[in-house]
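**Q** If you scroll down you'll find the structure; I have some questions about it.
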Amino acid sequence: MFERPQAGENAVLVHVAPGGHPDEDELEEFVELVRSAGADPVAVVKGSRRVPDPRLYIGGGKLEEVRAAVQDGEGDVVIFDHSLSPSQERNLERELQCRVLDRTGLILDIFAQRARSHEGKLQVELAQLSHLATRLVRGWTHLERQKGGIGLRGPGETQLETDRRLLNQRIVQIKRRLHRVDSQRDLGRKARNRAEVPTVSLVGYTNAGKSTLFNALTQSAVYAQDQLFATLDPTLRRLVLPDGGAVVLADTVGFISKLPHDLVAAFRSTLQETADADLLLHVIDAAGPRQALCIAEVNSVLEQIGAEKVPQIEVYNKIDLVDDRGPRMERSGDGSLTRIWLSARTGEGIDLLLEALQAFFRGEQVRKVIRLEPRQGRLRAALFDAGRVVRDHPLETGGWELEVEMARRELDRLLKQNPDLLNALVA
Numbered sequence: 008m009f010e011r012p013q014a015g016e017n018a019v020l021v022h023v024a025p026g027g028h029p030d031e032d033e034l035e036e037f038v039e040l041v042r043s044a045g046a047d048p049v050a051v052v053k054g055s056r057r058v059p060d061p062r063l064y065i066g067g068g069k070l071e072e073v074r075a076a077v078q079d080g081e082g083d084v085v086i087f088d089h090s091l092s093p094s095q096e097r098n099l100e101r102e103l104q105c106r107v108l109d110r111t112g113l114i115l116d117i118f119a120q121r122a123r124s125h126e127g128k129l130q131v132e133l134a135q136l137s138h139l140a141t142r143l144v145r146g147w148t149h150l151e152r153q154k155g156g157i158g159l160r161g162p163g164e165t166q167l168e169t170d171r172r173l174l175n176q177r178i179v180q181i182k183r184r185l186h187r188v189d190s191q192r193d194l195g196r197k198a199r200n201r202a203e204v205p206t207v208s209l210v211g212y213t214n215a216g217k218s219t220l221f222n223a224l225t226q227s228a229v230y231a232q233d234q235l236f237a238t239l240d241p242t243l244r245r246l247v248l249p250d251g252g253a254v255v256l257a258d259t260v261g262f263i264s265k266l267p268h269d270l271v272a273a274f275r276s277t278l279q280e281t282a283d284a285d286l287l288l289h290v291i292d293a294a295g296p297r298q299a300l301c302i303a304e305v306n307s308v309l310e311q312i313g314a315e316k317v318p319q320i321e322v323y324n325k326i327d328l329v330d331d332r333g334p335r336m337e338r339s340g341d342g343s344l345t346r347i348w349l350s351a352r353t354g355e356g357i358d359l360l361l362e363a364l365q366a367f368f369r370g371e372q373v374r375k376v377i378r379l380e381p382r383q384g385r386l387r388a389a390l391f392d393a394g395r396v397v398r399d400h401p402l403e404t405g406g407w408e409l410e411v412e413m414a415r416r417e418l419d420r421l422l423k424q425n426p427d428l429l430n431a432l433v434a
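Here it is in structure tokens:
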């Protein structure tokens, strides 16, 4: 049994393509993932293999190459850009005499570093424990595990049973806590629905610039860095549109290729904000080399959480890095808006996005004349807040005659909240 390092800073990376040549863009993303976890890549072992080896994932020749890289670079940990089975991890650790981590474990580690809120920490811990449940045996392979009757069991078998029971108890406890958090989120969503405030959710591949765009739209100071999974905890802010209307803008966790299923399951409550949104702004890195793949990965996760039918506008960000055509809109054949090109960092095109949001939620506009009595001053103020007052004429009786222009949904909401308004409508 080898001694496990306290921290794996020097990492040897293994990237094996399933047939064909390794994808350099995928490899670059993998290296960036490792750096985001705080490790220093000292060597990269590349290769291709049609079918993974059931025992080691890689073949004997590639294993010797990895062993030499570990010894030459004094590697503390070997990280595979693939999902490994528990037995493959154990066998590789036995052969290489150092810590072995797969892509799932790497992403879980990054999420654990990024979680700041109580909910985020619980979600990451749940995903980690679910992943660990199948790997408990690794830490106890040095203990005796005899088979037999009473009095003949080895201490390793007893310890494993104890660990599994404690782990399952902790999972149940975390799920119970997350259920309470879910209830609080449901209350917030119901309150927004009662007030008929629409929700817009930012989604996209990690490091596409969602948080930078969120800050540019809401003048917030959400943490934003040029690194993978810079933002983990969801943030909601009120966004006032140019016509005075308001929406709730939600910044969510970024997606990535081969996102662990445990993470999707653990973050399902957070991602529910996306599934319940009225509109998705799909932020895409206009300077990214793998746009089609990133878009497909995001849409795949959206389908997993039941958000594939939510209306979507593609927002191509970072045009200041690649595009000299400037900010612009693109529409489909029926005239509906499909794409917006902008730069969240410089602010170019933000006005176009605000106009698009306003047009999407404004819907059918209606113009009405309303006569109010002197006692209805509060309703008059509500009309000023809800729509554009075209004309406000005081009456000799002390009341007012207003001509207003607003979205039909806003008028319907006001009529529902103020039944007296129906009698005040003139035309």
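In terms of this note's numbering, the sequence shown is residues 8 to 434.
Even glycine gets a Cβ: it sits at the ideal position worked out from N, Cα and C.
(1) Quick one: what does DSSP say residue 79 is sitting in, helix, strand or coil?
(2) Alpha carbon to alpha carbon, how far is residue 61 from residue 174?
(3) Which same chain residues end up closer than 8 Å to residue 419 when comparing Cβ atoms and leaving out the 5 residues on each side of it in sequence?
(4) In the DSSP assignment, find the beta strand (DSSP E) that holds residue 89 and state where it starts and stops.
(5) When the Cα of residue 392 is compared with those of 432, 248 and 227, which residue comes out closest?
(6) How do the region 32 to 45 and the region 113 to 127 stand: do at least 3 beta-carbon pairs fall below 8 Å, yes or no?
(7) Just how far apart, CA to CA, sit residue 80 and residue 20?
(8) Could you tell me the distance, in whole angstroms, from the CA atom of residue 250 to the CA atom of residue 359?
(9) What is the DSSP secondary structure of residue 271, counted as helix, strand or coil?
(10) For the putative contact between residue 227 and residue 281, defined by C-beta atoms under 8 Å, what is the C-beta separation to the nearest angstrom?
(11) Going by alpha carbons, who is nearest to residue 118 out of 262, 374, 321 and 368?
(12) Alpha carbon to alpha carbon, how far is residue 367 from residue 341? Give it in angstroms, no decimals.
(13) Would you mind stating whether residue 244 and residue 213 have Cβ atoms separated by less than 8 Å?
(14) May I ask you to report which of helix, strand or coil DSSP gives residue 14?
(15) Cβ of residue 374 within 8 Å of Cβ of residue 412?
(16) Can you tell which of 176, 324, 255 and 129 has the C-alpha that lies nearest to the C-alpha of residue 215?
(17) Could you tell me whether the Cβ atoms of residue 421 and residue 432 are closer together than 8 Å?
(18) Helix, strand or coil for residue 214, going by three-state DSSP, please let me know.
(19) Please identify the residue among 333, 414 and 361 whose C-alpha is closest to the C-alpha of residue 256.
(20) Using three-state DSSP, classify residue 206 as helix, strand or coil.
(21) Using the Cα positions of residue 415 and residue 372, report the straight-line distance between them to the nearest angstrom.
(22) Within 10 Å of its beta-carbon, does residue 329 have 16 or more other beta-carbons around it, so buried, or fewer, so exposed?
(23) On the CB-based measure, 16 or more other CB atoms within 10 Å of its CB, does residue 154 come out buried or exposed?
(24) Can you give me the C-alpha to C-alpha distance between residue 90 and residue 46, rounded to a whole angstrom?
(25) Which residues mark the beginning and the end of the beta strand (DSSP E) in which residue 54 is found?
(26) Residue 381 and residue 356: beta carbons closer than 8 Å?
(27) When the Cα of residue 31 is compared with those of 43, 42, 51 and 17, which residue comes out closest?
(28) Is residue 266 helix, strand or coil by DSSP?
(29) List the whole-angstrom C-beta distance separating residue 131 from residue 106, where the pair is believed to meet the contact cut-off of C-beta under 8 Å.
**A** Once the coordinates are examined:
(1) Translated into the one-based positions of the sequence shown, residue 79 becomes position 72. Residue state, collapsed to three classes: helix.
(2) Taking the first residue of the sequence shown as 1, we reach residue 61 at position 54. Taking the first residue of the sequence shown as 1, we reach residue 174 at position 167. One C-alpha to the other measures close to 28 Å.
(3) Here the question's residue 419 lines up with position 412 in the sequence shown. If we look at residue 419 and ignore the five residues flanking it on each side, it has no Cβ neighbours.
(4) Start at 1 with the first residue of the sequence shown, and residue 89 comes out as number 82. Residue 89 -> no beta strand (DSSP E), and no H or E assigned at all.
(5) By 1-based counting over the sequence shown, the position of residue 392 is 385. Nearest C-alpha to residue 392: 248.
(6) yes
(7) Position 73 of the sequence shown, counted from the first residue, corresponds to residue 80. Position 13 of the sequence shown, counted from the first residue, corresponds to residue 20. About 11 Å.
(8) Translated into positions along the sequence shown, residue 250 becomes position 243. Translated into positions along the sequence shown, residue 359 becomes position 352. Computed Cα separation, rounded: 14 Å.
(9) The residue you call residue 271 lines up with position 264 of the sequence shown. The answer is helix: DSSP assigns residue 271 an H, G or I state.
(10) Locating residue 227 in the sequence shown gives position 220, where the first residue counts as 1. Locating residue 281 in the sequence shown gives position 274, where the first residue counts as 1. About 19 Å; that fails the 8 Å criterion.
(11) As a first step, residue 118 must be located in the sequence shown, where it is residue number 111. Ranking 262, 374, 321 and 368 by Cα distance to residue 118 puts 262 first.
(12) Along the sequence shown, one-based indexing puts residue 341 at 334. Along the sequence shown, one-based indexing puts residue 367 at 360. C-alpha separation (whole angstroms): 15 Å.
(13) Counting from one through the sequence shown, the residue named residue 244 turns up at place 237. Counting from one through the sequence shown, the residue named residue 213 turns up at place 206. No, the Cβ-Cβ distance between residue 244 and residue 213 is not below 8 Å.
(14) As a position in the sequence shown, residue 14 is number 7, starting the count at 1. Model confidence at residue 14 stands at a pLDDT of 47, short of 50, so the residue's coordinates are unreliable and nothing is read from them.
(15) Counting from one through the sequence shown, the residue named residue 374 turns up at place 367. Counting from one through the sequence shown, the residue named residue 412 turns up at place 405. Yes, Cβ-Cβ distance for residue 374 and residue 412 is below 8 Å.
(16) Here residue 215 corresponds to residue number 208 of the sequence shown, with the count starting at 1. When each option's Cα is compared against that of residue 215, the closest is 324.
(17) Locating residue 421 in the sequence shown gives position 414, counting from the first residue. Locating residue 432 in the sequence shown gives position 425, counting from the first residue. Not a contact, by the Cβ cut-off of 8 Å.
(18) The residue given as residue 214 occupies position 207 in the sequence shown. In this structure, residue 214 counts as coil in the three-state DSSP scheme.
(19) The sequence position of residue 256 within the sequence shown is 249, counting from 1. Checked all of 333, 414 and 361; the closest Cα to residue 256 is 361.
(20) Here residue 206 refers to the residue found at position 199 when the sequence shown is read from its first residue. Residue state, collapsed to three classes: strand.
(21) As a working mapping, residue 415 is identified with position 408 in the sequence shown. As a working mapping, residue 372 is identified with position 365 in the sequence shown. Answer to the nearest angstrom: the Cα atoms are 6 Å apart.
(22) Counted from its first residue, the sequence shown places residue 329 at position 322. Residue 329 comes out exposed.
(23) Along the sequence shown, read from residue 1 onward, the residue named residue 154 stands at position 147. Here the model assigns residue 154 a pLDDT of 47, short of 50, so the residue's position is not dependable and the matter cannot be decided.
(24) For this step, residue 90 is matched to residue 83 along the sequence shown. For this step, residue 46 is matched to residue 39 along the sequence shown. Each residue's alpha carbon lies about 19 Å from the other.
(25) Residue numbering aside, residue 54 sits at position 47 when the sequence shown is read from its first letter. Run containing residue 54: 47 to 55, per the beta strand (DSSP E) assignment.
(26) To locate residue 381, count along the sequence shown from 1; it is residue 374. To locate residue 356, count along the sequence shown from 1; it is residue 349. Cβ atoms of residue 381 and residue 356: not closer than 8 Å.
(27) Translated into positions along the sequence shown, residue 31 becomes position 24. When only C-alpha atoms are compared, the closest one is 51.
(28) Numbered from its first residue, the sequence shown carries residue 266 at position 259. Here residue 266 sits in coil by DSSP.
(29) As a working mapping, residue 131 is identified with position 124 in the sequence shown. As a working mapping, residue 106 is identified with position 99 in the sequence shown. Their Cβ separation, rounded to whole angstroms, is 20 Å, which puts residue 131 and residue 106 out of contact at 8 Å.
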